[in-house]
Every structure is written in C-alpha cells, then in structure tokens.
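Worksheet: one structure, shown below.
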Amino acid sequence: MSKLFKICDSGLKFTFSLFGSLEIEGKENVPKKGSFITVANHLSIIDPALCASAVGRDPKFLAKKELFKFPFNILLKFYGAHPINRTRPGSSAIKWVKEQLGSKESSLLIFPEGTRSRDLKLQKGLNGATMIAIDTDSIILPVSIVGSEKCKNYLQFLFPKMSVKIKIGKPFSIVNLPDKKNKDLYQIITKEIMQRISDILPQTYRNNENESEFRFTRTIES
Numbered sequence: 003m004s005k006l007f008k009i010c011d012s013g014l015k016f017t018f019s020l021f022g023s024l025e026i027e028g029k030e031n032v033p034k035k036g037s038f039i040t041v042a043n044h045l046s047i048i049d050p051a052l053c054a055s056a057v058g059r060d061p062k063f064l065a066k067k068e069l070f071k072f073p074f075n076i077l078l079k080f081y082g083a084h085p086i087n088r089t090r091p092g093s094s095a096i097k098w099v100k101e102q103l104g105s106k107e108s109s110l111l112i113f114p115e116g117t118r119s120r121d122l123k124l125q126k127g128l129n130g131a132t133m134i135a136i137d138t139d140s141i142i143l144p145v146s147i148v149g150s151e152k153c154k155n156y157l158q159f160l161f162p163k164m165s166v167k168i169k170i171g172k173p174f175s176i177v178n179l180p181d182k183k184n185k186d187l188y189q190i191i192t193k194e195i196m197q198r199i200s201d202i203l204p205q206t207y208r209n210n211e212n213e214s215e216f217r218f219t220r221t222i223e224s
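For the sequence shown, the tail end lands on 224 under the numbering used here, and the numbers increase by one without skipping.
If you want it as structure tokens, here you go:
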C-alpha cells in the first residue's frame with residue numbers, strides 16, 4: 003500500500019469521524035493475496051475513495067478525463083486513478099488495466115453501471131468488468147455502498163455530514179466458459195455480477211431487472 007494512499011485514506015476516515023459515520027462490514031472477505039477486481043454500485047463522486055478505504059488494498063480505477071482538473075487531479079492520482087475517454091476508451095486504457103491486474107498484489111475498482119445512479123437503484127451493468135475479468139482470469143469482489151448519495155460536490159468530500167455503510171460480499175470467479183464467447187454470453191455474466199452486488203444491497207437500492215441465476219459465476223469459500 004503506497005504512502006500517498008495511506009495519507010488520503012487516513013484523511014477520509016478522520017473527516018468521517020468528525021462530521022459523519024462510516025461503517026464497513028465484511029472486510030474478512032477481501033482476498034489477502036493476489037490481484038482481483040472490485041465491483042460496486044455507484045451513487046456519488048466519493049465512492050472510489052470509500053471503496054478504496056473499505057477494501058484496503060490500494061485499488062486502482064479508471065475515471066473520466068473531465069475530472070482531471072486542478073486541484074482534484076492531484077487527489078485522483080493519489081488514489082491511483084487513470085484518465086479515460088468514456089466515448090472512445092482506446093487500447094491504452096485496456097493496456098493500463100491489464101498491467102494493474104498483472105501485478106500479484108494489485109486490485110482494480112470498477113463501477114459496472116458506468117455512471118452514477120440518479121434514483122439510487124442499481125442500474126443495468128455494462129460488459130467491461132466481465133470482459134476484463136475473463137481476459138485476465140481475475141476473481142471478483144462485490145461491494146455495496148449506501149448513503150454516499152448525499153455527497154453532491156467536492157466540498158462535502160471534506161465535510162461528509164452523512165452516514166455511509168459499505169458491505170463487502172464474498173469473492174467469486176467466472177466459471178463454465180464455453181470455447182466461443184460472444185456479446186450474449188458477456189451480458190449474461192454481467193447480469194450475474196450485478197445480481198451479486200444487488201444481493202448485498204438494501205431492498206430500496208435494488209433493481210429487479212438484475213435478478214439472475216448463477217450459471218457462470220461461483221462463490222469462493224474461504
């Protein structure tokens with residue numbers, strides 16, 4: 003874990019101790035060794051920092067390039083963010099992701115919805131996390147976030163007058179893959195990933211459209 007990340011994480015926890023509350027459940031489910039992908043629902047600009055704090059493995063993540071403006075670009079880089087053009091991701095972003103997961107002790111944070119939910123409910127997932135997990139043979143760690151939607155701007159990042167609860171589910175792997183892979187298969191697996199996030203969310207944050215049986219994902223028991 004980098005010193006810069008430790009500084010940012012300590013600052014986040016300190017501000018929450020003064021102005022709000024941060025509850026983390028399920029830290030025992032975080033893999034102790036090896037690289038993995040964290041997937042979570044997305045409600046607020048503060049979510050990457052919250053997930054990083056909960057998982058505690060210095061996760062890297064992609065962020066839209068528009069956010070990389072002074073002075074917030076400094077904070078984003080401290081947290082291990084990498085800029086991406088969401089309309090044209092390009093091969094450089096994919097290469098960067100694979101490099102992160104190529105390290106034995108690295109982790110990558112992905113919000114499968116692709117953007118923040120406006121009605122709090124878990125939205126339909128995009129296939130990016132699925133394709134990356136398959137391509138890198140990575141295990142996946144589901145995380146749910148509740149309460150961060152009250153953080154509307156960067157000033158509230160410094161004075162988080164809110165109660166946030168983060169729940170970490172059991173890690174799982176993608177299994178039973180056929181030799182031929184196509185978009186339909188990716189969508190089925192993505193739906194399973196979203197279901198695993200939904201399962202650890204309160205009912206009011208769930209979306210019944212994500213309901214799925216687990217054919218291609220399997221829980222990793224400790």
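Glycine included, each C-beta is placed from N, C-alpha and C at the ideal position.
Check your understanding: In chain order, what residues of the same chain have a beta carbon less than 7 angstroms from the beta carbon of GLY149, not counting five sequence neighbours either side?
Key -> MET164, SER165, VAL166 and LYS167
Exercise for review: Can you say whether SER94 is buried or exposed, counting buried as having 16 or more other CB atoms within 10 angstroms of its CB?
Suggested key: exposed
Review point. What did DSSP end up calling VAL2 once you bin it into helix, strand or coil?
Key: In the structure as shown, the chain starts at 3 and stops at 224, and residue 2 therefore has no counterpart that could be examined.
Practice item. Could you spell out where the alpha helix (DSSP H) holding THR221 opens and where it closes? Key: Looking at the DSSP string, THR221 is not in any alpha helix (DSSP H); the run it does join, the beta strand (DSSP E), is 219-221.
Check your understanding: In terms of residues, what are the limits of the beta strand (DSSP E) holding PHE174?
Key -> 174-176
Review point. So, are the CB atoms of ALA51 and LEU14 less than 8 angstroms apart?
Key: yes
Check your understanding: Looking at C-alpha atoms only, which residue of PRO61, TRP98, LEU124 and SER224 is the closest neighbour of LYS172?
Key -> SER224
Check your understanding: Just reading off the beta strand (DSSP E) that ILE142 is part of, what are its end residues?
Key -> 141-148
Practice item. Would you kindly work out how many angstroms separate the C-alpha atoms of GLU215 and GLN102, rounded to a whole number? Key: 30 angstroms
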